[in-house]
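Since the structure comes first, as C-alpha cells, the remarks are kept for the end.
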Amino acid sequence: MLGYKNVERVKPSGLELVDKLVGVQRVTKVTKGGRAFGFSAIVVVGDGNGVVGHGLGKSKDVSSAIAKAVEDAKKNLVRIPILDGTLPHEQKGKFGGAKVFIKPASHGTGVIAGGAVRLVLESVGIKDVLSKSQGSSNPHNVVKATFDALLQLRSAATIAKQRGISLEKVFNG
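Going by my numbering, the sequence shown opens with residue 8, and the numbers climb by one from there.
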C-alpha cells in the first residue's frame, strides 16, 4: 500500500467484514522422506461500503491457511472512493504480468468482471462496473493489480482539496 497518495487506512474494529476466498493452492515440497504438502490461500475481505483488504495465508492444512489469510487481510484495509455504486473514473492497474482496466458503468449494468477482479470489486461494494483483465491470470497478481487500480482512484472532493479549489471549479474549469 506504499507509494500511493491519499490512501486512507482503516482499522478492522467495528466493521462487518465479509471474507471471500479467491484461491487455494496446494504446494508440494519433496524431501528425502517423501512429499510434504502445504497450502496457500488468498482472501479478499470487505464491508461492501468502500473498505477492502487482501491477504495471503500459508499452512499445512486448508482451514488454518484461510484463517491466516483473513487475519492478514484485516491488517491492510483501505478505503476506496465509491460514487453512486460505481467508480469516480476509469483506471488502469498493473502488478507483475497482470494488467486490469476498470471503468464506471451506468446504473443497472452490474459487475462485468471475471474471477479475482469480480471478488475484489464485490467486496468493495461496487454495484456497476466494466472491467478487463489482461496479461497474467495468476490470481495473486490479478488481485494486486486490481488493488493498484482502486488505490489510484480519486473522488472529485479529494481533487478539489488537493488543488485548493471549489468542487464547482473542478467540473466547470
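Just so it is clear, CB atoms sit at the ideal spot from N, CA and C, and this is done for glycine as well.
Please confirm whether residue i and residue j have their CB atoms less than 8 Å apart.
i    : j    : result
L90  : V136 : no
V52  : V85  : no
A74  : F46  : no
V150 : V59  : no
N61  : V50  : Looking at the sequence shown, residue 61 is not Asn but His. Yes, Cβ-Cβ distance for H61 and V50 is below 8 Å.
V131 : R125 : no
A43  : A76  : no
I87  : G122 : no
Give the straight-line distance between the Cα atoms of residue i and residue j, rounded to the nearest whole angstrom.
i    : j    : result
S140 : V29  : 15 Å
A105 : A156 : 12 Å
R161 : S173 : 15 Å
K134 : G92  : 5 Å
N148 : F108 : 14 Å
Q159 : S143 : 21 Å
E23  : K36  : 37 Å
D54  : Q169 : 27 Å
E175 : E15  : 24 Å
G21  : K65  : 27 Å
K39  : N145 : 30 Å
K110 : G41  : 49 Å
Kindly give me the distance between the Cβ atoms of residue i and residue j, rounded to whole angstroms, as I take these residues to be in contact under 8 Å.
i    : j    : result
A120 : S138 : 4 Å
T165 : N13  : 6 Å
Discussion item. Report the start-end ranges of each beta strand (DSSP E) in the segment 118-157 that is 3 residues or longer and not cut off at the edges.
Written reply: Runs of the beta strand (DSSP E) inside the segment 118-157: 136-142.
Item to complete: Let me know the alpha helix (DSSP H) ranges lying completely inside the segment 31-76, each 4 residues or longer, listed in chain order.
Response: Considered as a whole, the segment 31-76 harbours no complete run of any alpha helix (DSSP H) with no fewer than 4 residues.
Worksheet item: Touch check for the segment 66-83 and the segment 95-108: three-plus C-beta pairs under 8 Å?
Response: Too few Cβ pairs lie closer than 8 Å, so no.
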